[in-house]
Amino acid sequence: MKALILAAGRGSRLTMLPKGESKCMIRVNGYPLLYYHLLRAIELKVDQIVIVIGHAGDIIQKYFGHCFLQVPITYVWQKQLMGPVAAINAASNCLDDDFVLMLADEYFVQSQHMQMLKVFKQAKLFGLCGILEGQAHHSIKKTYAVNYNSEGRIFQLIEKPEETFRMAKGTGLCFFQKELLLYIPYISTHKNRR
């Protein structure tokens, strides 16, 4: 299994972020946010970490290098910041195995990543996405909405939705079979990223 970490974004909503700094390099308990995702990848026993970089990517490369706790890191530059689907597509040549997707600007408290991996493998799921229920509409509109049925089967993810239909938002922690990459060309880009 690979780990794909999306770390290309600017963090334009973070007004306290120093100019030229990446939002995933904000310190939490003395370490950049991205550091915690690398630890999570190690716990999941991935054999490669792929980090998609863009804004301030050179700072990320210099800080973490090309190996983390003996697991190789590959960097992929995303020249046009067109959102998560474009970032996944940019890294597709490095993803020859199932992968865990993480958004580098999130911080998880009581992460369920190990339990999610177990369910993903045992049930042989195509994909498994973390969600937070009971969220406010304004919070969902900043990330993505999740539409799912009564059995918990997700059938729609909408990035930065104008309207919300459930009080649930997706987290940046998802597990996918590598075949997801076959569907990337058919996924529409958010209108504000075109």
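Numbering-wise (our numbering), the sequence shown opens with residue 429 and increments by one. Idealized CB from N, CA, C, for every residue including glycine.
Check, Outcome
"Tell me whether residue 593 sits in a helix, a strand or coil according to DSSP, three-state version.", "coil"
"Three Cβ pairs or more, each shorter than 8 Å: is that satisfied between the segment 512-531 and the segment 471-482?", "yes"
"Whose C-beta lies closer than 7 Å to the C-beta of residue 535 among residues of the same chain, with five residues either side of it excluded?", "456, 461, 464"
"Identify every run of the alpha helix (DSSP H) within the segment 472-522, keeping only runs that are complete inside it and at least 4 residues long; order them along the chain.", "485-492, 512-518"
"Taking its Cβ as the centre, do 16 or more other Cβ atoms sit within 10 Å of residue 542, making it buried, or is it exposed?", "exposed"
"Within 10 angstroms of the Cβ of residue 493, are there 16 or more other Cβ atoms? Answer buried if so, exposed if not.", "exposed"
"Please determine, among 521, 569, 581, 538, the residue with the shortest C-alpha to C-alpha distance to residue 430.", "521"
"For residue 472, tell me which candidate among 449, 497, 489, 486 has the shortest Cα-Cα distance.", "497"
"DSSP on residue 530, reduced to helix/strand/coil?", "strand"
"Would you list the residues sitting across from residue 604 in a DSSP beta bridge?", "527, 555"
"Identify which residue in 500, 569, 511, 548 has its Cα closest to the Cα of residue 581.", "548"
"Note the first and the last residue of the continuous beta strand (DSSP E) segment covering residue 548.", "Counting along the chain, residue 548 falls outside any beta strand (DSSP E), though it belongs to the alpha helix (DSSP H) covering 541-550."
"Between the C-alpha atoms of residue 563 and residue 449, what's the straight-line distance to the nearest angstrom?", "29 Å"
"Using 10 angstroms around the beta-carbon of residue 598, count the other beta-carbons present and answer buried if the total reaches 16, otherwise exposed.", "buried"
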